[in-house]
Amino acid sequence: MTSLKMFWDCIFSPRLVKIYGNGPVERLYEPKTFEKWGDQVINSLYVIWKIGVYTSPFLVGMLYQRGYFEPDGLITLTKLVTSVGVILVVSFCIRGMGRAENPTYTRFLATLQSAQKDLSPSIKQQLNMYDFEFKAWPVEYKSTVEHSDSNPKALSVPKQLTFPQCLLQIPYRIIAYFAIHTFGIRLIYPGTIGILQMVLEQSLLQGRSRLVELYHGERFKIETVDKNEIDALYISRRGNTTNGNTLVVCCEGNAGFYEIGIAITPIEAGYSVLGWNHPGFGGSTGRPYPPQEKNAIDAVMQFAINKLGYKPENIILFGWSIGGYTSTWAAMSYPDIKGLVLDATFDDVLPLAVNHMPRWWGPIVEVAIREHVNLNIIENLVKYPGPVFIIRRTEDEVICLREHDLSSNRGNHLLMKLLMFRYPCILDRTQTQLLKDYLAVTGASQDEFFRKYGVDDNYCQSLLQSYISEFSKSYPMKIGEEFGDMDKSRMALFLVSFTVL
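Here the sequence shown is numbered in UniProt numbering, starting from 1 and rising by one per residue.
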């Protein structure tokens, strides 16, 4: 007979999804009948609740029109809510009963409870055999120190508004605040949408299983200074491959998860990899507002350095799309890292946000972005003094302001602004226009620019090395002060080819 304590623990314990290490083929956990029924009812009610939340403005209006906010209608609503509550309580009890009678689940629960008391290496090894709801995973690293934002002056200076302008902006600010904190943050980061995560649940499980089974990935929970919990997975290739002693920290896009994201690229190249999910994505808690994003990547970096034992000079940051914000912030904050790779990344989210919203929303969008989600990636990037490699996606429709117009790719702006900051004496007006023309084409058309200007990579590389040897490798560099227009153009083209793919 199941003890009352076991039954009570099973009511509120996490859902077990998969068991690893059971012979040649890992298997999904098979719940007993009662647990399966209880889970189905609970999950169905959860889906209905989520749909109700997203459609609440229409739902409230409909209920109001039909008189459900009048005394008789409120009684009906109260009965409905009470009935649903009873069904929910009974479902939890039935599920708990089914779990308590299942030896497989009770073994898992015993392991989890031991891990929550004392996560020793042997207990952690046992816990790694299970895939379950991440909210119950014990915290293995706590970030206790918030990284300072003490950096050089920003490129752009915020506009100073007069008192009448401030008054006129009050309605915009109110609307912008409510827009960002309701649907706006979900439009920018659709990976936070609960229904989308439910649709992707099986794909995420398959991706995570592949990382665990094939690459021996190890899952961790990291706590940030603002008490968010970050879902991370580490794959060690130390001592196994040529690149294994270098750690690549992957920062995913606005609908990306480490389970099905960019991590596979450095893994297959033989690097050790640390993937993590944005706040509100997957098992991570919180919402991906800039302060929480900064604290999340800061905690991940501290974990990599203090827990996993990687020196900053052996860490590469890899940012995809909007993940360029967290990766450039980390690069700026940890300037001794080995390098930074930006893939399909833009310079500033504001032009993209304005471009994808109705024109008359422009002033509200600007206030919302600048005051609440100011993902100005270039401001971070110019404060990082190390190696940068930019991968420009020429077919990416998201970061192009105009479809099939490569000149409108915001990756071009990111590259141009970086080079203008680092090599101000080379990029005059003529060279700036030259690079705009160069970046507006691809392939053979770009090669034609190199032939036309007679770019010699070895010669340009030697000029750069000579300047660094004689002066400094710190930015901005003064190289090019004595160059003529042709030499500046050659060097500008070389620097682009040296920085971007």
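In this text, a Cβ means the ideal position worked out from N, Cα and C, and glycines have one as well.
The criterion of a C-beta distance shorter than 8 Å is not satisfied by Ala304 and Thr224. Restricting attention to Gly38, Val17, Glu30, the CA atom closest to the CA of Ile11 is found in Gly38. Under the DSSP assignment, Leu340 falls in the beta strand (DSSP E) whose first and last residues are 339 to 343. The C-beta distance from Pro31 to Gly98 rounds to 6 Å, short enough to fall under 8 Å. A Cβ-Cβ separation of about 6 Å places Leu418 in contact with Leu381 under the 8 Å criterion. Sixteen is the threshold: when 16 or more other Cβ atoms of the shown chains lie within 10 Å of the Cβ of Asp231, as they do, the residue is buried.
Taking the Cα positions, Val249 is about 44 Å away from Val90. The stretch 390 to 407 makes no contact with the stretch 469 to 478, as fewer than three CB pairs between them are under 8 Å. For Arg66, there is no enclosing beta strand (DSSP E), as DSSP marks it with neither H nor E. DSSP, reduced to helix, strand and coil, places Trp137 outside both helices and strands of the structure shown, so it counts as coil. Tyr234 carries a strand assignment under DSSP once its states are collapsed to helix, strand and coil. Taking C-alpha positions only, Met62 is separated from Thr55 by approximately 11 Å.
Of the residues Asp485, Leu434, Tyr289, the one whose Cα lies closest to the Cα of Val373 is Tyr289. Here Tyr234 is actually not in contact with Leu317; their C-beta atoms are around 15 Å apart, not less than 8 Å. CA-CA distance, Ala368 to Leu340, rounds to 29 Å.
Secondary structure at Val248: strand, using DSSP grouped into helix, strand and coil. Between Leu427 and Ala492, the gap from beta carbon to beta carbon is short of 8 Å.
Assignment of Phe494 by DSSP, reduced to helix, strand and coil, places it in the helix class. Listed in chain order, the beta strand (DSSP E) runs fully inside the stretch 9 to 57 are 16 to 19, counting runs of at least 3 residues.
When secondary structure is reduced to three states using DSSP, Gly319 falls in the strand class. Non-local C-beta neighbours of Thr328 in its own chain, meaning closer than 6 Å and more than five positions away in sequence, comprise Ile377, Asn380, Leu381, ordered along the chain. Contact between Tyr475 and Arg422 holds: CB atoms are separated by about 5 Å, below the 8 Å threshold. One Cα belongs to Ile195, the other to Pro138, and the distance between them is close to 26 Å. Shown here for Ala263: same chain residues with a beta carbon closer than 6 Å to its own, the five before and five after excluded, namely Cys250, Val273, Gly275 in chain order.
Remark: fewer than three beta-carbon pairs, one from each stretch, lie closer than 8 Å, so the stretch 115 to 125 and the stretch 198 to 207 are not flagged as touching.
Under the three-state reduction of DSSP output, Cys425 falls in the coil class, being neither helix nor strand.
Cβ-Cβ separation between Ile222 and Tyr310: approximately 15 Å, too far for a contact (criterion under 8 Å).
Straight through space, the alpha carbons of Arg429 and Gly270 are spaced by roughly 42 Å. Residue pairing for Arg219: DSSP places it in a beta bridge opposite Leu233.
The DSSP-derived three-state label of Ile391 is strand. Residue pairing from DSSP leaves Trp361 without any beta-bridge partner.
The beta carbons of Phe108 and Leu16 sit closer together than 8 Å. The count of Cβ pairs closer than 8 Å, one atom from the stretch 330 to 346 and one from the stretch 394 to 410, reaches three, so the stretches are in contact.
DSSP links Asp131 through a beta bridge to Lys18.
Sequence-distant partners of Asn314 (beyond 5 residues in either direction) whose C-beta falls short of 7 Å from its own C-beta, in its chain, are Asn245, Thr246, Leu247, Lys338. With 16 or more neighbouring CB atoms inside 10 Å of its own CB, Arg219 falls in the buried class.
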